[in-house]
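Enquirer:
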Amino acid sequence: MCGIIARIGGDDGAVDELLTGLENLEYRGYDSAGLAIKNGGGPEVFKREGKISRLKDVLADETPDGGLGIGHTRWSTHGPPTDANAHPHTDCTGDVAVVHNGIVENYDELKTDLADRGHEFESDTDTEVIPHLVKEQLADGVDPETAFRRTIEKLSGSYAVAMITDREHAVYATRRGSPLVLGVDDGDYFLASDVPAFLDFTDDVVYLDDGDVVVVEPDDYRITTPDGEAVDRSVQTVEWDPEDAGKGGYDHYMLKEIHEQPAALRQTLRGRADPATGDIRLE
Ligand code: GLU
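Counting from 1 along the sequence shown, just add 4 to a position and that's the residue number in our numbering.
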């Protein structure tokens, strides 16, 4: 299973906290890792196939920083594990960066239409259509939140998505069929696939529901329905010590593994079975 992490703060420090988050998500399994940092201008992307240590080596040479960024550990469904297929993915200009967990089932037709309109792609992933679609909306003059909503409306499949752009200092995220939680820490925020990702920084958590769209800025977050209506989700404090964190709130690892079986099975078949056509691909 892949992992998403985002850190939203006003000051520097995002790179270290994103790397900690990615390492805390390692237990989910992954084949590549990457992150995008917003530091004044547009997103800067760093990504590598393989272990997080390879990504760390790149970052040690480049030493970027900023207060806000998104990160990803990939478990590939579309396209082999390569540097180019690792997330984050961007549009042609690099103004929009996206991490995605799940599958965009209609990516083929979206990609064909985008290519017909002149978009060029750098990866084999289904994910890459998302930043290109957002960029088209931005180019039409809408704000990033509206561009994000209009793009999500076009996607079918399962996804948790987080996005940053060259515009506002904010992360835009949503989920449908893939997990996403919000961590709340005194004006800094985190988004992640699972609570242990940010437990080093906060134990206050908002569990997001399918369809929730969240816009997170330093000192503020808003959760809405896909139509933009405000929704109220309570902040809950998890009382897990670091060892419990790995158990995801269950009393025993065995119990956790039993409860994870439906998700593990879905995850294994994802990308190999097409529910629309009934095709099974087991290369
Ligand atoms: N479908 C996307 C890909 O193949 C995301 C996979 C994941 O959830 O890590 O890159």
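By construction, the Cβ of each residue, glycine as well, lies at the ideal position given by its N, Cα and C atoms.
How far does the alpha helix (DSSP H) with L269 in it extend, from its first residue to its last?
Expert: Y257 to L273
Enquirer: Taking DSSP's pairing of strands, which residues face S36 in a bridge?
Expert: E53 and R78
Enquirer: Going by C-alpha distance, which of E48, G38 and D99 is nearest N89?
Expert: When only C-alpha atoms are compared, the closest one is G38.
Enquirer: For the segment 134 to 172, which segments carrying the beta strand (DSSP E) assignment without a break, of at least 3 residues, lie completely within its bounds, in sequence order?
Expert: 161 to 169
Enquirer: Between the beta-carbon of L72 and the beta-carbon of H173, is there less than 8 Å?
Expert: yes
Enquirer: Thinking C-beta only, is P148 closer than 8 Å to H93?
Expert: no
Enquirer: Tell me the rounded alpha-carbon separation between L26 and G75.
Expert: Cα to Cα, L26 sits roughly 7 Å from G75.
Enquirer: Looking at ligand 1, does it come within less than 7 Å of T81, judged from the CB to the closest heavy atom?
Expert: yes
Enquirer: Leaving aside the five residues before and after H263 along the sequence, list all residues of the same chain whose C-beta is less than 7 Å from its C-beta, in chain order.
Expert: Around H263, the same chain offers Y254 as residues with beta carbons nearer than 7 Å, after the five sequence neighbours per side are excluded.
Enquirer: Please indicate yes or no: does the CB of N89 lie closer than 7 Å to some heavy atom of ligand 1?
Expert: yes
Enquirer: Expressed to the nearest angstrom, what Euclidean distance is found between the alpha-carbon atoms of S80 and D35?
Expert: 7 Å
Enquirer: Less than 7 Å between the CB of H104 and some heavy atom of ligand 1, yes or no?
Expert: Answer for H104: yes, Cβ within range of ligand 1.
Enquirer: State yes or no: is the C-beta of R270 nearer than 7 Å to some heavy atom of ligand 1?
Expert: no
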